[in-house]
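Asks: Heads up, the sequence shown is in numbering that gives the first Met the number 0, so the first residue is 0 and it goes up one at a time.
This is the structure, below, for whatever I ask next.
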Amino acid sequence: MSSNEETSDSSTLSPVWKSYLYQLQQEAPIAVAVLCTSNQEDANRPPYFEDEYHGCISNQDTKMLLVKDGHFLVRESGKSRGHHTLSLRCNNELKHYRLYFDGRFFVGEKKFDLLLDLVTDGLITMHLEIKAGDYIHLMCRAASYEQSPYFTLNERKRRTLSLGRNNRPALVQPISDDIHYDKAHDFRIQNFKGLHWCDFCGNFMWGIIAQGVRCEDCGISAHRKCSEKIPSDCCPDLKLLRGVFGVDLTTLNKAHGSTRIPFLVDMCVKEIERRGLNSEGIYRVSGLRDDVEALRLAFDRDGDKTDLGPSSWEDINVVAGVLKLYFRLLPIPLIAFQVYPLVMTAAKEPDENRRLQRIKDAVHLLPPAHYNSLKYLIFHLHRIAENKEKNKMSSLNLSTVWCPTLFPGPDLQEINSTGSIPDFHLEATSLDVMIRQPNLIFPSNV
């Protein structure tokens with residue numbers, strides 16, 4: 000396909016971000032301190048411990064107290080007075096670690112302000128090693144830089160920067176592939192706030208602190224092992240292009256201290272409703288790939304100052320394409336993983352009223368950032384469908400076009416083994432219900 004052909008949604012079958020490790024982290028045991036119930040306070044208890052400290056108790060007593068995965072306590076080491084042991088249960092096994100404190104808690108190289116955070120991080124790591132040890136061992140080896148999220152999503156940015164910024168025509172003209180950089184990355188251990196994915200292998204960076212590294216100059220983030228395979232092609236100017244795409248919705252809202260609709264979604268929806276409600280095939284007809292990529296770069300560069308008017312983007316399908324691309328590149332899909340099975344079960348309900356109620360119950364379990372964005376989008380698609388006589392996009396047509404973008408992608412291993420294209424029938428059914436009955440699914444209009 001040439002760079003000037005129309006975009007397609009085939010990329011939904013090859014998701015940029017891999018969800019397996021994220022879902023495993025969600026399943027990790029929850030850290031729960033087992034508190035000491037003794038009426039006599041231990042005079043030897045250090046001031047930095049609280050009621051999780053049990054003094055000098057035996058291994059047998061510890062075993063009786065830690066009955067569930069995630070339970071933990073601190074005790075004085077029987078063999079080394081003045082030293083302390085962290086005992087916890089994971090995968091139905093007791094584990095014991097020498098616990099240190101130098102103003103922060105640690106058992107290895109990671110140091111934590113709170114003991115609960117140390118245990119939480121440890122439980123996540125152990126759970127992933129138990130469930131996905133081989134996968135983690137191979138994920139870096141199997142990854143290719145040329146097919147990495149960082150390379151594929153930033154290729155056009157890098158080319159554009161090589162020709163100079165703030166030049167609209169340079170974004171769409173054919174550009175040579177011979178762009179080379181020769182600067183080593185300056186990787187530093189990073190405590191990522193919120194949820195982050197590796198720019199090299201596309202997998203989730205687990206844990207709650209020191210999950211990976213980030214280049215101080217260009218901003219690329221990766222697992223430490225993955226960073227060793229990234230070539231010396233640092234492009235510091237990439238950091239000037241603010242990341243809008245591929246950022247988890249909840250993380251985005253935490254950064255802004257609100258559960259507002261992402262500015263890109265709000266801007267695109269308003270522009271489409273201003274001049275695209277009657278556009279035949281809106282969301283089904285694709286814009287030119289170069290133009291969609293150029294507008295994506297404009298959003299990364301200019302943020303909410305991006306011009307979406309017809310003088311810059313005459314084809315409204317380009318704006319529609321960027322809106323779909325934004326949702327398609329979310330690391331956690333709008334219909335999040337934990338809610339997806341509930342929506343699928345609801346879609347199978349033969350009684351329409353019960354189906355509607357169960358879909359409503361399911362979407363109300365979405366994280367606030369996902370719920371608010373879904374609600375905003377669904378009412379927008381409802382208004383599109385109300386003009387179906389002119390735009391030829393009924394609720395069913397819209398749901399068919401949108402469901403691969405809003406729902407978790409299919410199992411790629413299953414696709415490879417069967418060679419069949421996934422059937423999104425249930426996803427389309429549930430989305431059609433939402434678009435036709437938004438006032439019943441969501442409490443009020445937006």
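Quick reminder that beta carbons are idealized off the backbone N, C-alpha and C, glycines included.
Under 7 angstroms from any heavy atom of the ligand PLP, does the C-beta of GLN210 make it?
Replies: Although the ligand PLP was asked about, the structure shown includes no ligands whatsoever.
Asks: Take the Cβ of ARG140 as the centre, count every other Cβ of all protein chains shown within 10 Å, and call the residue buried at 16 or more, exposed below.
Replies: Exposed is the call here.
Asks: Which of the three DSSP states is assigned to GLU215 in this structure?
Replies: Reduced to three states, the DSSP call for GLU215 is coil.
Asks: Assuming VAL15 contacts LEU122 (C-beta within less than 8 angstroms), just tell me the rounded distance between them.
Replies: The pair is not a contact, with the Cβ atoms about 28 angstroms apart (cut-off 8 angstroms).
Asks: With H, G and I counted as helix, E and B as strand and the rest as coil, what does DSSP make of ASP185?
Replies: Looking at ASP185 - three-state DSSP - the assignment turns out to be coil, as it is neither helix nor strand.
Asks: Ends of the alpha helix (DSSP H) at PHE262?
Replies: 262–274 is the extent of the alpha helix (DSSP H) around PHE262.
Asks: Drop a sphere of 10 angstroms on the beta-carbon of GLN398, count the other beta-carbons inside from all chains shown, and report buried for 16 or more, exposed for fewer.
Replies: Sequence inspection shows Ser at residue 398; the Gln mentioned does not correspond to that position. Buried is the call here.
Asks: Determine the closest residue to GLN356 out of ILE271, LEU439, PRO261, PHE378, with distance taken between C-alpha atoms.
Replies: Of ILE271, LEU439, PRO261, PHE378, the residue nearest in Cα terms is LEU439.
Asks: Could you check how far apart the C-beta atoms of ALA183 and LEU23 are, in whole angstroms? I think they sit under 8 angstroms.
Replies: With 8 angstroms as the limit, ALA183 and LEU23 do not qualify as a contact, their Cβ atoms being about 33 angstroms apart.
Asks: Compare the Cα-Cα distances from LEU64 to each of ASN371, GLU227, ALA32, ARG80 and report the closest residue.
Replies: Among ASN371, GLU227, ALA32, ARG80, the Cα nearest to that of LEU64 belongs to ALA32.
Asks: Which one of HIS381, PHE441, LYS17, GLY81 has the shortest CA to CA distance from ALA42?
Replies: Checking every option, the nearest Cα to that of ALA42 belongs to GLY81.
Asks: Between which two residues does the alpha helix (DSSP H) carrying VAL84 extend?
Replies: The question names Val, but residue 84 is Thr in the sequence shown. Looking at the DSSP string, THR84 is not in any alpha helix (DSSP H); the run it does join, the beta strand (DSSP E), is 83–89.
Asks: Whole angstroms is fine: what's the gap from ARG187's alpha carbon to ILE219's?
Replies: Computed Cα separation, rounded: 11 angstroms.
Asks: From CYS267 to GLU108, what distance separates their C-alpha atoms?
Replies: Straight-line Cα distance between these residues: approximately 46 angstroms.
Asks: Please state whether the Cβ-Cβ distance between ILE208 and PHE111 is less than 8 angstroms.
Replies: Yes, the pair counts as a contact, with Cβ atoms nearer than the cut-off.
Asks: At the level of alpha carbons, what is the spacing between VAL73 and HIS53?
Replies: Approximately 6 angstroms between the Cα atoms of the pair.
Asks: State yes or no: is the C-beta of GLY382 within less than 8 angstroms of the C-beta of GLU272?
Replies: In the sequence under discussion, the amino acid at residue 382 is Arg, which differs from the Gly named in the question. Yes; because the gap between Cβ atoms is below 8 angstroms, this pair is in contact.
Asks: MET125 to GLY206, Cα distance in whole Å?
Replies: Each residue's alpha carbon lies about 10 angstroms from the other.
Asks: Apart from the five residues on each side of it in sequence, which residues of its chain come closer than 7 angstroms, Cβ to Cβ, to PRO28?
Replies: Only ASP68, GLY69, CYS89, LEU122, HIS126 meet the Cβ criterion.
Asks: Identify which residue in VAL338, ALA368, LEU322, ALA30 has its Cα closest to the Cα of LEU296.
Replies: For the residues VAL338, ALA368, LEU322, ALA30, the minimum Cα distance to LEU296 belongs to LEU322.
Asks: May I ask you to verify whether the stretch 211–230 touches the stretch 329–337, counting CB pairs closer than 8 angstroms and requiring at least 3?
Replies: In short, these stretches do not touch, since the Cβ pair count stays below three.
Asks: Roughly how many angstroms separate the alpha carbons of SER311 and CYS225, rounded to a whole number?
Replies: Rounded to the nearest angstrom, the two C-alpha atoms are 39 angstroms apart.
Asks: In terms of alpha-carbon separation, which member of ALA345, ASN190, GLU385 lies closest to LEU281?
Replies: At residue 281 the sequence reads Ile, which differs from the Leu that was named. Comparing Cα-Cα distances from ILE281 to each of ALA345, ASN190, GLU385, the minimum goes to GLU385.
Asks: Which residue comes first and which comes last in the beta strand (DSSP E) that contains ARG80?
Replies: ARG80 -> no beta strand (DSSP E), and no H or E assigned at all.
Asks: Pick out the complete beta strand (DSSP E) segments inside the stretch 29–78, 3 residues or longer, and give them in chain order.
Replies: DSSP runs (the beta strand (DSSP E)) wholly in the stretch 29–78: 70–75.
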